[in-house]
Amino acid sequence: MQKIALFGPPATGKTTLARWLSTELGHPHTDLDDILFTPAGPLSLEEFRRQAGEITARDEWIVEGNFSKLADVVWHRADVLVWLDFPLALIVYRIVRRSLNQLAGREDSAQARRLTWSTAFFSRRSLLRTAVRKYRKNRPRYVQQVAEAAGLGVEVVRLRSPREVRRWRRELREGPAESRSGGAARHTAGP
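Numbering (the working numbering), first residue to last: 139 to 329.
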């Protein structure tokens, strides 16, 4: 695993997993949000694609972000595509918990400093409403795009729960369960 693309809805632990992979494998980690959102505002799609393409032209990388419009310059160049495909109820719970912690000042981040009750929960474009809307809208498209990446030879790892993430991390660190115990490895792969 030299080139890893990681995506999933908000509050699924993308950054945590990407940082762990970066430390474990020694590959540089890039959050696509950090490229797209500049102090001067978001980049144009053309410039965003160009910069993402520069990163994925390298020999080793871990890129996280929910930008399927970059599939050809990120997902299709990956050795492994990791999809954190958690249930909507868990995502909603985690967004609410994280937003409440940020609003209470228990978590400091760029997002936390911009967060208000309205932007977290009540406005039409609140984090919570946007996450639910995008989950429903994007998930069917992700299934198709992940299948396309798999058709190009990209290994797909679809993790549907925090337990599956922990199992996959353990397998990466220790090797597959089948080689340790003679049993079959248990993680969800493929669309």
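We put the beta carbon where it would ideally sit given N, CA and C, even for glycine.
TODO: Report yes if the C-beta distance between residue 149 and residue 229 is below 8 Å; otherwise report no.
DONE: Yes, the Cβ-Cβ distance between residue 149 and residue 229 is below 8 Å.
- [ ] Kindly indicate the opening and closing residues of the alpha helix (DSSP H) around residue 234.
- [x] Where residue 234 is concerned, the enclosing alpha helix (DSSP H) stretches over 226-241.
Open item on the list: Please list the terminal residues of the continuous alpha helix (DSSP H) segment that includes residue 186.
Closed with: First-last of the alpha helix (DSSP H) with residue 186: 183-194.
Open item on the list: Beta-carbon within less than 7 Å of residue 215's beta-carbon, same chain only, minus the 5 sequence neighbours each way: which residues are those?
Closed with: 141 and 194, listed in sequence order.
Open item on the list: Can you find the residues in the same chain that come closer than 6 Å, C-beta to C-beta, to residue 169, ignoring five residues on each side of it along the sequence?
Closed with: Non-local C-beta neighbours of residue 169 in its own chain, meaning closer than 6 Å and more than five positions away in sequence, comprise 202, ordered along the chain.
TODO: Give a yes or no on whether the C-beta atoms belonging to residue 221 and residue 273 are separated by under 8 Å.
DONE: Contact check for residue 221 against residue 273 fails: the beta carbons are separated by 8 Å or more.
- [ ] Inspect the CB distances between the region 260-277 and the region 231-248 and report whether three or more fall short of 8 Å.
- [x] Segments in contact, yes.
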